[in-house]
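This report concerns only the one structure given below.
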Amino acid sequence: MVAASLTALPASAQDMQMTPWKDMPAGVYTVDKYHASLTWKVMHAGLSNYTARFKSFDADITFDPADITKSKVSA
10 MVAASLTALP ASAQDMQMTP WKDMPAGVYT VDKYHASLTW KVMHAGLSNY TARFKSFDAD
70 ITFDPADITK SKVSA
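Just so we're aligned, residue 10 is where the sequence shown starts under the numbering used here, counting upward by one.
Here it is as structure tokens:
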């Protein structure tokens with residue numbers, strides 16, 4: 010039963026399609042604090058990447074599909 014559910018995951022993921030941004034509703038979207046993280050990397054001495062991750066932050070996205078230049082992110 011577990012194997013069947015694991016093999017079904019990739020098939021359902023392939024069926025997912027992204028909505029074009031022009032078809033998305035305008036509004037203010039708030040990041041879900043419990044399911045989001047912010048990760049960034051910096052090259053160190055040209056040899057390796059330093060990776061940092063923030064697990065606690067606030068952010069809002071104001072989205073205007075009619076004029077994407079008016080959209081913004083506030084953090």
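Heads up, the beta-carbon is just placed ideally off N, CA and C, and yes, glycines get one too. Keep in mind that this is a model prediction, so the values were computed, not measured.
Annotated three-state conformation of T48 is strand, per DSSP.
A distance below 7 Å between beta-carbons, with the five flanking residues on each side excluded, links H53 to the following residues of its chain, in chain order: Y59. Three or more pairs of CB atoms, one per stretch, sit closer than 8 Å, so the region 39-48 contacts the region 57-75. A35 and S80 have their alpha carbons spaced roughly 9 Å apart.
Sequence-distant partners of I70 (beyond 5 residues in either direction) whose C-beta falls short of 6 Å from its own C-beta, in its chain, are Y38, V82. A Cβ-Cβ contact shorter than 8 Å links F66 with A84.
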